[in-house]
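Reviewing the structure listed below.
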Ligand code: EPZ
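In my numbering, the protein residues as written are 344 to 785.
Now the structure itself:
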């Protein structure tokens, strides 16, 4: 298994390109199942989860070709579903267990073909991750669902899903995405209330509109989807990854320096930008135009004078537009270096503090009480061997390693590779002393 070695103490200076959003690219790939015509997606991040989703589509019978960008950080994919031949439409366990978002093929398969067999994703390091909200809504739309041998076996008895007026019991990104996709080919209109409003959902909705879907209320908690009989192909560019950008902002906050993030999306990162400016970073937003797609994005210049001490601040995660749970671990690493006590509350997942114990190994002074971490700042960190446990926890360990004295070795960085394209190359380009050690021991 690959490891990362991080030599702490260097400030970060230079430019970092932000890749397309993993959590937008995954549902957009699943949405291609709805179209009888070719789908072209650009700015997919070149990460393991995207490669797994492509394998899932291929296992279902799709023809998928993918090309890497020059810098190797992104992929462009062409998906053709007209040759879908796998009559079972089975998303296999060995793929689904490595990437839970595979459950997002369930809604599109049911809507288009009236049947699907998708492995239950099971839990993961950060929590039980149930999918009851997905299944409840699909059953209300007319799907017959049974669990058999760890698989969701679903079929639509009268051939086509029916639109519903549905209020989710809980805000769920994946359930909102799955049902929004299913509703596109349902009979009649679907209204989804208490829908999640993460930017990645808006991106999926705009892709579905490009495919001919009639969707109102995008970026609001009430979505109205007018079902149609078929959906066209489209070419679509995925939005920048706000969590990757936020991770690099946290790294800069911890180390000090001056970094410009290219093709960023500051409007999707307001809670983090607000926090970072309050604790002592400066963030400038610069209008830019993405030459490849003609789309207008912004560059973000993030800087903190070395020697300027960060101020502690409390953080509580919440569904968008609240503070993103996917940046909680990274902010905890930053707060170990701030002056004062920071109270960090995780309200979304039941077990998302595994990075805390690893940060303690590095010398962080913190304790966890239930869903709350109390972090005493200005604790000097000393490099040692730590273990990544999940995607965002591993990013927190990289940030901590960048400020620790000496060398930090991070084991099991396959977690990191699920969601960050070439993170060590991007960090090396701005002066970080980070190396990937292939395979064996350091
Ligand atoms: C998405 O996961 C993201 N993943 C997660 O990012 C992110 O942390 C999460 O949304 C919250 O923002 C992708 O988009 C691929 P949820 P998802 O359904 O859809 C409970 C990362 O690091 N719930 O919004 O699985 C659930 O247990 C990943 O990139 C049910 O109870 O999250 C959780 O407590 C990690 N029943 C809460 O809702 C359900 O049927 C929010 O989960 C579904 C969810």
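Each residue gets a CB set at the ideal place from its N, CA and C atoms; glycine is no exception.
The structure presented is a predicted model; accordingly, all values stated were derived computationally and were not measured.
Under the 8 Å Cβ criterion, the region 611–619 does not count as touching the region 693–705, having fewer than three qualifying pairs. Within the chosen limit of 7 Å, ligand 1 does not reach the beta carbon of residue 361 with any heavy atom. A contact is defined here as three or more CB-CB pairs under 8 Å, and the region 468–480 meets this definition with respect to the region 509–527.
In this structure, the beta-carbon distance from residue 585 to residue 542 falls below 8 Å.
If you check the CB distance, residue 677 and residue 593 come in under 8 Å.
The DSSP-derived three-state label of residue 433 is strand. Annotation for residue 356: the continuous beta strand (DSSP E) segment containing it runs 355–360.
Between residue 710 and residue 669, the C-beta spacing is not below 8 Å.
If you draw a straight line from the Cα of residue 671 to the Cα of residue 687, it comes to about 8 Å. By DSSP's assignment, residue 579 forms a beta bridge with 384. Looking from the CA of residue 713, the closest CA among 726, 377 and 699 belongs to 699. The way I'd put it, the region 602–610 doesn't touch the region 561–571; fewer than three beta-carbon pairs between them come closer than 8 Å. The residue among 400, 705 and 391 with its C-alpha nearest the C-alpha of residue 421 is 400. The beta carbon of residue 737 is closer than 7 Å to those of 731, 753, 756, 758 and 759 in its chain, skipping five residues each way along the sequence.
Each residue's CA atom was taken as its position, placing residue 451 and residue 525 some 5 Å apart. Residue 515: not part of any alpha helix (DSSP H); DSSP gives it neither H nor E. For residue 685, there is no enclosing alpha helix (DSSP H); the residue is found in the beta strand (DSSP E) stretching over 684–688.
A straight-line Cα-Cα distance of about 36 Å links residue 591 and residue 378.
Under the 10 Å beta carbon count, residue 501 is surrounded by fewer than 16 other beta carbons and is classified as exposed. Judged by the Cβ position, residue 516 qualifies as a neighbour of ligand 1 at the 7 Å threshold, a heavy atom of the ligand being closer than this. For a cut-off of 8 Å, the C-beta gap from residue 601 to residue 646 is around 4 Å, short enough to register as a contact.
In the DSSP annotation of this structure, the continuous segment of the beta strand (DSSP E) that includes residue 708 starts and ends at 708–712. Look at residue 365 here: in three-state DSSP terms it is helix.
Here the alpha carbon of residue 440 sits roughly 19 Å from the alpha carbon of residue 368. Per the coordinates, the alpha-carbon of residue 559 lies some 28 Å from the alpha-carbon of residue 443. In terms of CA proximity to residue 556, 531 leads the group 537, 531 and 539. Per DSSP, the beta-bridge partners of residue 569 are 532 and 557.
Runs of alpha helix (DSSP H) with 4 or more residues, each lying fully within the region 711–741, are absent. Residue 649 and residue 574 have their C-alpha atoms roughly 53 Å apart. In terms of Cβ geometry, residue 545 and residue 572 do not form a close pair [threshold 8 Å]. Boundaries of the beta strand (DSSP E) harbouring residue 421: 417–423, taken from the DSSP string. In this structure, the straight-line span from the alpha carbon of residue 587 to that of residue 456 is close to 35 Å. For residue 778, the enclosing beta strand (DSSP E) has its first and last residue at 776–780.
The closest heavy atom of ligand 1 lies 7 Å or more from the beta carbon of residue 666.
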